[in-house]
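**Q** Sequence order for the protein chains is A and B. Be aware that the first sequence starts at 1, since it is given in this note's numbering, and climbs by one per residue. Be aware that the second sequence starts at 123, since it is given in this note's numbering, and climbs by one per residue.
Protein chains: 2
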Amino acid sequence: MNPDTLAMAFVGLYYETFDKSRADLGSLYRQGSMLTFEGVKKKGVEAIVAKLTSLPFQQCQHNVSTIDCQPSGAGGILVFVSGSLQLPGEQYPLKFSEMFHLLGIPQGSFYVLNDIFRLNYA
Amino acid sequence: MNPDTLAMAFVGLYYETFDKSRADLGSLYRQGSMLTFEGVKKKGVEAIVAKLTSLPFQQCQHNVSTIDCQPSGAGGILVFVSGSLQLPGEQYPLKFSEMFHLLGIPQGSFYVLNDIFRLNYA
Numbered sequence: 001m002n003p004d005t006l007a008m009a010f011v012g013l014y015y016e017t018f019d020k021s022r023a024d025l026g027s028l029y030r031q032g033s034m035l036t037f038e039g040v041k042k043k044g045v046e047a048i049v050a051k052l053t054s055l056p057f058q059q060c061q062h063n064v065s066t067i068d069c070q071p072s073g074a075g076g077i078l079v080f081v082s083g084s085l086q087l088p089g090e091q092y093p094l095k096f097s098e099m100f101h102l103l104g105i106p107q108g109s110f111y112v113l114n115d116i117f118r119l120n121y122a
Numbered sequence: 123m124n125p126d127t128l129a130m131a132f133v134g135l136y137y138e139t140f141d142k143s144r145a146d147l148g149s150l151y152r153q154g155s156m157l158t159f160e161g162v163k164k165k166g167v168e169a170i171v172a173k174l175t176s177l178p179f180q181q182c183q184h185n186v187s188t189i190d191c192q193p194s195g196a197g198g199i200l201v202f203v204s205g206s207l208q209l210p211g212e213q214y215p216l217k218f219s220e221m222f223h224l225l226g227i228p229q230g231s232f233y234v235l236n237d238i239f240r241l242n243y244a
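1. Can you tell me whether A/Ile48 is helix, strand or coil according to DSSP?
2. For a cutoff of 7 Å on Cβ pairs, would you count A/Phe80 as touching chain B?
3. Since A/Gln70 meets chain B, which of its residues come closer than 7 Å, beta carbon to beta carbon?
4. Determine whether the beta carbon atoms of B/Val201 and B/Phe232 lie at a separation below 7 Å.
5. Going by DSSP, what residue range makes up the alpha helix (DSSP H) through A/Phe137?
6. Counting contacts by CB-CB distance shorter than 7 Å, is B/Lys217 in contact with chain A?
7. What in chain B is Cβ-close to A/Asn120, meaning under 7 Å?
8. Can A/Ile116 and A/Thr66 be called in contact, C-beta distance under 7 Å?
9. Rank B/Gln213, B/Lys163 and B/Gly226 by C-alpha distance to the C-alpha of B/Pro193 and give the top, closest one.
10. Going along chain B, which residues have a C-beta under 7 Å from A/Gly12?
11. Looking at the strands, I want to know which residues DSSP matches up with B/Glu160.
12. Distance cutoff 7 Å, beta carbons only. Does B/Gly195 sit that close to anything in chain A?
13. To the nearest angstrom, how far is the alpha carbon of B/Gly211 from that of B/Val133?
14. Counting along the chain, where does the beta strand (DSSP E) carrying B/Gly88 start and finish?
15. In or out: A/Ala74 buried (at least 16 other Cβ within 10 Å) or exposed?
16. Have a look at B/Ile199 and A/Asn114 and give me their C-alpha separation to the nearest angstrom.
17. Do we get a CB-CB distance below 7 Å when we pair B/Thr127 with the residues of chain A?
18. Taking Cβ positions only, does A/Thr66 come closer than 7 Å to chain B?
19. What would DSSP say about A/Gly26, mapped onto helix, strand or coil?
20. Which one or two residues does DSSP pair with B/Leu207 in a beta bridge?
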């Protein structure tokens, strides 16, 4: 699978899972994975899932605007996403950007080694 | 230098150089460096500098809002920036986000291996 195709497939899977069954995101991380969410740092599957499932909203809808991808010097790919996030009770969506470093695993799949998320406030 | 300190120092240097003497950014890249600027991909110092110096504005002012940093599995660090960009003749600044993978070199300095930039339009 070429990097751009993998990036698009991953981004689709990630936000669909986030919006529908957030606890299932754990399958995309490993023990060495890092998440920085709005400046809060977490490491490892359990801490990352605990953070993502404790966010102060139950429902959300990510709408992806752009997906950029580059090969990483570490192997795998860097994926950079911009888009908007619709939260319940909010009139306007919030803009966000997020980056991932995806690493392949021998079985042909991949996981998230690095994940940094930021809202882009007005 | 710890990663957060390096990230802050790099971000300060990068945007100060960008805003004051953009052509000098070449010293921060190497031949294997990659830039994706608003979806346009460039590789290598010359192509990257040519892209950055040909942007359709002469003056600009980056204002950084957030800097996040994680160690990369490839060595070096991943730096994720959000902020705003004031262009001449524009009433309002444009929001942007940008990521870098910085790699160290034996002399104790570092260079940009990966660079992805996006404006976050309203």
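Ideal Cβ placement from N, Cα and C applies to all residues, glycine included. If you're wondering where the values come from, they're calculated on a predicted model, not measured in any experiment.
**A** Walking through what the data contain:
1. Taking the first residue of the first sequence as 1, we reach residue 48 of chain A at position 48. DSSP places A/Ile48 in the helix class (H, G or I) of the three-state scheme.
2. Locating residue 80 of chain A in the first sequence gives position 80, where the first residue counts as 1. By this cut-off, A/Phe80 is an interface position.
3. Reading the first sequence from its first residue, position 70 is the one you call residue 70 of chain A. By Cβ distance, chain B contributes Met156, Thr158, Asn236 and Ile238.
4. To locate residue 201 of chain B, count along the second sequence from 1; it is residue 79. To locate residue 232 of chain B, count along the second sequence from 1; it is residue 110. Contact flag unset, no.
5. Shown here, chain A extends from 1 to 122; a query on residue 137 of chain A therefore has no answer.
6. The count along the second sequence starts at 1 and reaches residue 217 of chain B at position 95. B/Lys217 counts as touching chain A.
7. Within the first sequence, numbered from 1, the residue matching residue 120 of chain A stands at position 120. Those within 7 Å of A/Asn120 in chain B are Ser204, Lys217, Ser219 and Asn242.
8. Against the first sequence, residue 116 of chain A aligns to sequence position 116. Against the first sequence, residue 66 of chain A aligns to sequence position 66. Not a contact, by the Cβ cut-off of 7 Å.
9. If you number the second sequence from 1, residue 193 of chain B lands on position 71. Answer by Cα proximity: B/Gly226.
10. By one-based count along the first sequence, residue 12 of chain A stands at place 12. Ordered by position in chain B, no residue passes the 7 Å Cβ test against A/Gly12, which lies about 18 Å from the chain.
11. If you number the second sequence from 1, residue 160 of chain B lands on position 38. DSSP, once it has assigned bridges, lists no residue as partnering B/Glu160.
12. Position 73 of the second sequence, counted from the first residue, corresponds to residue 195 of chain B. For B/Gly195, the answer is yes, since a Cβ of chain A falls inside 7 Å of its Cβ.
13. For the purposes of this step, residue 211 of chain B is taken as residue 89 along the second sequence, with counting starting at 1. For the purposes of this step, residue 133 of chain B is taken as residue 11 along the second sequence, with counting starting at 1. Answer to the nearest angstrom: the Cα atoms are 25 Å apart.
14. Shown here, chain B extends from 123 to 244; a query on residue 88 of chain B therefore has no answer.
15. Your numbering for residue 74 of chain A matches position 74 in the first sequence. Buried.
16. Position 77 of the second sequence holds residue 199 of chain B. Position 114 of the first sequence holds residue 114 of chain A. Rounded to whole angstroms, B/Ile199 to A/Asn114 spans 10 Å at the Cα level.
17. Residue mapping note: residue 127 of chain B aligns to position 5 of the second sequence, counting from 1. The beta-carbon of B/Thr127 is placed no less than 7 Å from the nearest beta-carbon of chain A.
18. The residue you call residue 66 of chain A lines up with position 66 of the first sequence. Judged by the 7 Å Cβ criterion, A/Thr66 is in contact with chain B.
19. By 1-based counting over the first sequence, the position of residue 26 of chain A is 26. In this structure, A/Gly26 counts as helix in the three-state DSSP scheme.
20. Taking the first residue of the second sequence as 1, we reach residue 207 of chain B at position 85. B/His184 and B/Leu216, per the DSSP bridge assignment.
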